[in-house]
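Heads up, the thing below is written out as structure tokens.
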Amino acid sequence: MTLGAYLTVAAVLFAAGLTCMMTKRHALGVLMGVELVLNSACLNLVAFARYTALGIDGQIFALFVIVIAAAEAAVALAIALNYYNNFLTVDVDRGDELKR
Amino acid sequence: MTVLQFLFGVFATTTCLGAIMVAVTQNIVRMAFWLMVSVASASGLFFLLHADFLAAAQLLVYLGGTVVILVFGVMLTAGGRRQPLTPKGGETILAVSLALALVALLMFTVGSVDWERLQTASQPTMPEGGLVATTSDRSPVAGAGRLGDTGHALGSAMIGFRPRFDGEGRLELGTGYLLPFEIISVHLLVVLIGAAYLARAKRQIPGGPNVGRTNGGSPMTRGPLAWDPDSAQYNDPSAQSVEQALAGNLASGGGFSAFSPEEPTSIETRQTAGEGRPA
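Pasting the structure below:
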């Protein structure tokens, strides 16, 4: 397979994650969109590592991306729990106390 | 059509389908399931790209960790009244059109770049067939030239050794990734402590305004609350007055970080969100 095919898959992943982040009102749904976007970046890095002179460096950066994604999921879950304890909902549209 | 192309087709289809279903589905648990499908298929794509260690890490960390954490979060926040969290129509149209425009732009960019020239220019010693892992090719660490053995190269690069061939085939020692590795390990520790701190059980002032934080946890675990029509809020029947509670809390040396005066907005929020619970 060529590099372009992998980049196309990553582009679709990125767009789906972006749509998820923009449309979901569930806080954890937004988090899943972030995971998809990070996954698409990861796929791009590995594809470039395979097909260009990037070599093993691309895989190392992809590994860092995976670690960052896991850490971000843990912190975001804690934030979502706090949010739920304060607002009794996970609707991100309800968190508008600063606006009022 | 070779086996690799067939596998790529299968994994690429399931990856994209899972991602799109995550964006389309409204049920949060089904979203988590489709995210699992998408992530697992992406791991298959990593295997096809000869990144065996990374694919295994993806399976372990994402499927074994992140998605499970997400499902835990869904279960912990599922109590109380179930509200339909459907997106607004205008926002959906805007988001989908924006995403389609982005896909079109990215496809155009991918199609307009000559990737073949980039590959051949960067890899003058690319072996015939292109099936051998280039990462292992260029890494003279153990397992050089063998297919799909990136663990040694990744590990040695992580502890600071990254030997690689320069243009004339001589071996040179590049700088590795020891410092980023250490930084990310400290970062993980900070995240662990921070997440535990954020999600910890908070000290509760009885009768205080923040009834939603009783027991520091979900509303399902709190004690019975009585609806007070005069002040239009839920009250804990066994509660002291706020002054007594504050005095007791201060006397016991505890802090009260979450206390704030009564404000109509939070009362209204609690009132609407707390409907349907037994009074």
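Top to bottom, those sequences are chains A and B.
Using our numbering, the letters of the first sequence correspond one by one to residues 33 to 132.
Using our numbering, the letters of the second sequence correspond one by one to residues 6 to 284.
Note that beta-carbon positions come from the ideal geometry of N, C-alpha and C, so glycine has one too.
Treat the numbers as computed from the prediction; the structure is a model and nothing was measured.
- Task: Please name the residue, chosen from A201(B), G199(B) and I98(B), that lies closest to T51(A) on a Cα-to-Cα basis.
- Result: As a working note, residue 51(A) is residue 19 in the first sequence. For the residues A201(B), G199(B) and I98(B), the minimum Cα distance to T51(A) belongs to I98(B).
- Item | Contact set for Y115(A): own chain, Cβ-Cβ below 7 Å, skip 5 residues either direction | Your numbering for residue 115(A) matches position 83 in the first sequence. Around Y115(A): A59, V122 and G127.
- Between the stretch 54-76 of chain A and chain B, which residues of the former have CB atoms less than 9 Å from a CB of the latter, in chain order? M54, T55, K56, R57, H58, A59, L60, G61, L63, M64, G65, E67, L68, N71, S72, C74 and L75
- Item | Candidates L109(A), L63(A) and E129(A): closest to A200(B) by CA position | As a first step, residue 200(B) must be located in the second sequence, where it is residue number 195. It is L109(A) whose Cα lies nearest to the Cα of A200(B).
- Query: Using a Cβ-Cβ distance under 7 Å, would V99(A) count as near chain B?
  - Reply: Counted from its first residue, the first sequence places residue 99(A) at position 67. With 7 Å as the cut-off, V99(A) counts as an interface residue toward chain B.
- Query: Who are the near neighbours of L86(A) in its chain, counting only those whose CB is closer than 7 Å to its CB and skipping five residues on each side?
  - Reply: Along the first sequence, one-based indexing puts residue 86(A) at 54. So the list reads F80, once near-sequence residues are dropped.
- Pick helix, strand or coil for M131(B), following the three-state DSSP scheme. Position 126 of the second sequence, counted from the start, is the residue given in the question as residue 131(B). Summary for M131(B): the model assigns pLDDT 38, below 50, so the residue's position carries little reliability, and this model does not support an answer.
- Task: Answer with yes or no whether the minimum CB distance from V108(B) to chain A is below 7 Å.
- Result: One-based indexing of the second sequence puts residue 108(B) at position 103. So, interface residue.
- Might you give, ordered along the chain, the residues of its own chain that have their beta carbon closer than 6 Å to the beta carbon of F96(A), omitting 5 neighbours on each side? The residue labelled residue 96(A) in the question sits at position 64 within the first sequence. If we look at F96(A) and ignore the five residues flanking it on each side, it has no Cβ neighbours.
- According to the Cβ coordinates, are A48(A) and A24(B) closer than 7 Å? Taking the first residue of the first sequence as position 1, residue 48(A) is located at position 16. Taking the first residue of the second sequence as position 1, residue 24(B) is located at position 19. Yes, they are a contact pair.
- Any idea what DSSP makes of G116(B), helix, strand or coil? The sequence position of residue 116(B) within the second sequence is 111, counting from 1. Three-state result, G116(B): helix.
- Where L54(B) and V101(B) are concerned, what is the direct C-alpha to C-alpha distance, given to the nearest angstrom? Here residue 54(B) refers to the residue found at position 49 when the second sequence is read from its first residue. Here residue 101(B) refers to the residue found at position 96 when the second sequence is read from its first residue. L54(B) and V101(B): Cα-Cα distance of roughly 30 Å.
- Query: Quick one: does L130(A) have its CB under 7 Å from some CB of chain B?
  - Reply: The sequence position of residue 130(A) within the first sequence is 98, counting from 1. With 7 Å as the cut-off, L130(A) does not count as an interface residue toward chain B.
- Under a three-way DSSP split, which group does P224(B) fall into? As a first step, residue 224(B) must be located in the second sequence, where it is residue number 219. Since pLDDT at P224(B) reaches only 47, below the 50 mark, its modelled position is unreliable, and the value read off the structure follows with that caveat. The answer is helix: DSSP assigns P224(B) an H, G or I state.
- Query: M36(B) touches chain A at which residues, Cβ-Cβ below 9 Å?
  - Reply: As a first step, residue 36(B) must be located in the second sequence, where it is residue number 31. Neighbours of M36(B) on chain A, chain order: C52, K56, H58, L60, G61 and M64.
- Task: For T71(B), go through chain A and note every residue whose CB falls closer than 7 Å to its CB, in chain order.
- Result: Start at 1 with the first residue of the second sequence, and residue 71(B) comes out as number 66. Neighbours of T71(B) on chain A, chain order: E67, A101, A102 and A105.
- Query: What number of angstroms, rounded off, separates the C-alpha of F77(B) from the C-alpha of I33(B)?
  - Reply: Within the second sequence, residue 77(B) is the residue found at index 72, counting from 1. Within the second sequence, residue 33(B) is the residue found at index 28, counting from 1. Each residue's Cα considered, the two are about 12 Å apart.
- Return the chain-ordered list of same chain residues with a C-beta closer than 6 Å to the C-beta of S43(B), the five sequence neighbours on each side being excluded. Within the second sequence, the letter at position 38 stands for residue 43(B). Scanning its chain for C-beta atoms nearer than 6 Å, with the 5 sequence neighbours on each side dropped, one finds around S43(B) the residues T20, G23 and A24, in chain order.
- From this set, F119(A), I111(A) and I92(A), which residue's C-alpha is nearest R302(B)'s C-alpha? What is shown of chain B runs 6 to 284, which leaves residue 302(B) out entirely.
- Contacting residues, own chain, Cβ-Cβ under 8 Å from L289(B) (five flanking each side not counted): The first residue shown for chain B is 6 and the last is 284, placing residue 289(B) beyond what the model contains.
- Flag F51(B) as yes if its beta-carbon sits less than 7 Å from any beta-carbon of chain A, otherwise no. Counting from 1 along the second sequence, the entry for residue 51(B) is found at position 46. Interface residue, yes.
- Query: Quick one: is T30(B) near chain A, going by C-beta distance under 7 Å?
  - Reply: Translated into positions along the second sequence, residue 30(B) becomes position 25. Residue contact check for T30(B) against chain A: no CB pair falls below 7 Å.
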